[in-house]
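Each residue of the sequence shown is one higher than the last, beginning at 1 in full-length UniProt numbering. Where a beta carbon is used, it is the ideal one built from N, C-alpha and C, also for glycine. Right, one structure below, let's go through it.
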Amino acid sequence: MFFFMSTADKLDQAFNEIFAFVVAMFTHLGRAAAWLWDQTPQQWPVVGRLGLLLALLVIGPRLVRLLVTYGWRALRRVPGTFGRARFASVRELRRAGLLKPGGRFLGALKGNNIAMHGEGHCLTVAAQGSGKTTGLILPTLITYRAGSVVVTDPKGAITAQTRRLRSQLGRVVVLNPWRQELMADKSFAVDLGDDGFNPLQLVGVDYEGRAAAARLAALLLPDMPGEESYWRAEARELLEWCMLFQATHYPKPMRTLPGLRAMLYDSAELLAGMEQLAKGEPRSGPQGVLQAGAAKFHGMAAMGAGAQFVGAQGTATTALKIYDEGSALAQHVSRDGFRLADLKGDKPVTLYLICPPGHLVGDDRKWLNLVLALITQEIGKPGETRETLLLMDEFPALGYLPNLLPALEQFREAGLRAHLIAQNPGQVIQTYGQDGLRRLWGVAEYKQFFRVTDPEQARLLSEWLGQRTVWSESRNARDEASSGLAGVPLIRPEELAGMPRGRQIIIRPEGRPVSANVVPFFKRREWAAQLDANPYRKGE
């Protein structure tokens, strides 16, 4: 008859049944309370009997619930035949030390901030517009207290929002060669300043200074993947020689990259200086090194191999083209407001590297590559260890960094902590190749994914997260039921592709993966109050 009743009649009957159940429940509870009252010793005072009764009524249901819960779990327990994959709990993250404050912010789970501490790098893969800046970079700069920070900031907005806050924690350095360009941009129009950085500051005639010249020459003319060039090798040697010549013959203000380019550009004066050194009295030590180089290159030009010298000279000069006298970069690298040794000083440093997007697509990005390489080399030097976080958004857009992967692999113990952010693995493959991506997966202990849009990436991530075992029921053609164990992904590729905004997956070493929230800084009132306004969003 129930199926022929109207909807109103069904609702009325359901309410009556619920009411009857509630009345019966309270009736039985009253009888249970009366029975418990009768069991209490009669000689006890009324207050004591009431206290015992209340305790039994409060504790009893909790014990029953506990027993039922654990009993039900035991009954439902499935063998791990195909896997026991599951996401980590808050308790597991607390035991792993990921809920301690002051580390490298990753997200939140049930209101608890998740942060990395100690050694280890992180690679974040998140599509454009997924909140990488608001939910990752800015919260990290708000909460990080463990050491110095180097952050790439193409548009200058991160610097504008956080430099005041970071200045309360230590020294702030802004390397902003295109300062005037940003100030002239009406959508930005903020003067962030520019401290200036001379890459030749470490070059000298002592052993360390000569080694610095060799490293700098290799960075100015790096070996590109799959490319071997005689001219590059000769040009590097010529650059190194010219740097040492500058260090011994030029006053300090003239020991700059623009000065180096001008020196290389004037071949007549360069060869005259080489000839004078080569034909002079034999020398030893640093001067002997210069004399040997001068003899090689002058002899190359004088003994019928002039084309080889011109080729090396042209390659070296071209490598310094972006530092041509009068350019914004030339002015920047001619000042010395930041010393690399400051990264390992007594106080933490926050270093902002600003390179507008328009300069990232051309040769100007070589400056950024050079500075980042010198920074990682400085961190990796023997000596006192200071944790330094390298926070790089859209790192594939910076171009191929020859020293990046070796630095990540070698300088962990020296204090380097990198957090690299890319839109998708394809970006990394395009810049570093398939082998480079594999090396990055290996060196990044923590891998973070949100807003997965690439189907291949979703499939690989689903496989990474593993399988769990479930009971599966099926029916045959005769409608006969059968059940058995089956393995299903912890989360399917289509579920990853459809993951809501604000959700993320974190894969961590020696622990279960984490399904967590992305936390934009503006969702936390105390965080938003610590930052200045984004110049690009005036009036918001």
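Cutoff 8 Å; reference residue i; Cβ partners in own chain excluding five residues on either side
{"i": "L353", "result": "V150, V151, T152, D153, L175, L368, V371, L372"}
{"i": "L221", "result": "R232, A235, R236, L239, T315, A316, A319"}
{"i": "L192", "result": "G156, T159, A160, R163, V174, N176, R179, L182, Y352, I354"}
{"i": "Q291", "result": "L277, A278, G280, P282, R283"}
{"i": "E92", "result": "G511, R512"}
{"i": "A528", "result": "F521, F522"}
{"i": "I429", "result": "G436, L437"}
{"i": "L485", "result": "V78, P79, T81, F82, T469, V470, W471, S472"}
{"i": "P356", "result": "P154, K155, G156, W178, E181, L182"}
Enclosing alpha helix (DSSP H) for residue i [first to last residue]
{"i": "I322", "result": "Careful: I322 lies outside any alpha helix (DSSP H) and carries neither H nor E."}
{"i": "R210", "result": "207 to 220"}
{"i": "P41", "result": "No alpha helix (DSSP H) contains P41, which DSSP labels as neither H nor E."}
{"i": "T133", "result": "Note, T133: premise wrong, no alpha helix (DSSP H); not H, not E."}
{"i": "E92", "result": "90 to 95"}
{"i": "P520", "result": "Taken as a continuous stretch (DSSP letters only), P520 belongs to no alpha helix (DSSP H), as it is neither H nor E."}
{"i": "L183", "result": "According to the sequence provided, residue 183 is Met. The question's Leu does not apply to it. Here the alpha helix (DSSP H) through M183 covers 179 to 184."}
{"i": "E394", "result": "From DSSP, E394 is part of no alpha helix (DSSP H); its letter is neither H nor E."}
{"i": "P282", "result": "P282 -> no alpha helix (DSSP H), and no H or E assigned at all."}
{"i": "M263", "result": "257 to 265"}
{"i": "N369", "result": "365 to 379"}
Status (buried if at least 16 other CB within 10 Å, exposed otherwise) for residue i
{"i": "E240", "result": "buried"}
{"i": "E378", "result": "buried"}
{"i": "R478", "result": "exposed"}
{"i": "M25", "result": "exposed"}
{"i": "I59", "result": "exposed"}
{"i": "F245", "result": "buried"}
{"i": "S334", "result": "buried"}
{"i": "D206", "result": "exposed"}
{"i": "residue 551", "result": "The chain is shown only over 1 to 540; residue 551 falls outside these bounds and no answer can be derived."}
{"i": "Y144", "result": "buried"}
{"i": "T431", "result": "buried"}
{"i": "T27", "result": "exposed"}
Expected contact under 8 Å - CB spacing of residue i and residue j to nearest Å
{"i": "A85", "j": "G466", "result": "4 Å"}
{"i": "A444", "j": "H121", "result": "5 Å"}
{"i": "C242", "j": "L257", "result": "The pair is not a contact, with the Cβ atoms about 11 Å apart (cut-off 8 Å)."}
{"i": "I506", "j": "W464", "result": "At roughly 12 Å, the Cβ-Cβ gap does not stay under 8 Å, so I506 and W464 are not in contact."}
{"i": "L184", "j": "P535", "result": "Per the sequence presented here, residue 184 reads as Ala, with Leu not at that position. Not quite, the Cβ-Cβ distance comes to about 13 Å (not below 8 Å), so this is no contact."}
{"i": "A96", "j": "F105", "result": "Not a contact, Cβ separation roughly 16 Å."}
{"i": "M263", "j": "F297", "result": "With a Cβ gap of about 13 Å, M263 and F297 do not count as contacting."}
{"i": "L53", "j": "A33", "result": "6 Å"}
{"i": "V90", "j": "N112", "result": "6 Å"}
Residues near residue i in its chain [Cβ-Cβ closer than 6 Å; skip 5 each side]
{"i": "I421", "result": "T124, K132, D393"}
{"i": "L141", "result": "T162"}
{"i": "A458", "result": "V452, P493, L496, A497"}
{"i": "A247", "result": "V203, G204, V205"}
{"i": "L138", "result": "F521"}
{"i": "R386", "result": "G147, K344, G415"}
{"i": "A127", "result": "Q423, R451, T453"}
{"i": "L329", "result": "P177, I322, Y323, W367"}
{"i": "G293", "result": "W241"}
{"i": "P509", "result": "E445"}
{"i": "F338", "result": "V173, D195, F197"}
First through last residue of the beta strand (DSSP E) which encompasses residue i
{"i": "Q504", "result": "503 to 507"}
{"i": "M243", "result": "First-last for M243: 230 to 249, but that is the alpha helix (DSSP H), not the beta strand (DSSP E)."}
{"i": "G487", "result": "481 to 489"}
One or two residues paired with residue i in a DSSP bridge
{"i": "N112", "result": "L109"}
{"i": "R417", "result": "L389"}
{"i": "C122", "result": "H419, Y446"}
{"i": "Y352", "result": "V151, V174"}
{"i": "Q467", "result": "P489"}
{"i": "V514", "result": "I506"}
{"i": "S472", "result": "G484"}
{"i": "R84", "result": "R468"}
{"i": "R104", "result": "M116"}
Neighbourhood of residue i by C-beta distance below 7 Å, restricted to the same chain and skipping five residues each side
{"i": "G209", "result": "L202, V203, A247"}
{"i": "F4", "result": "Because F4 carries a pLDDT of 44, less than 50, the predicted location of this residue cannot be relied on, and no value is offered for it."}
{"i": "A214", "result": "E240"}
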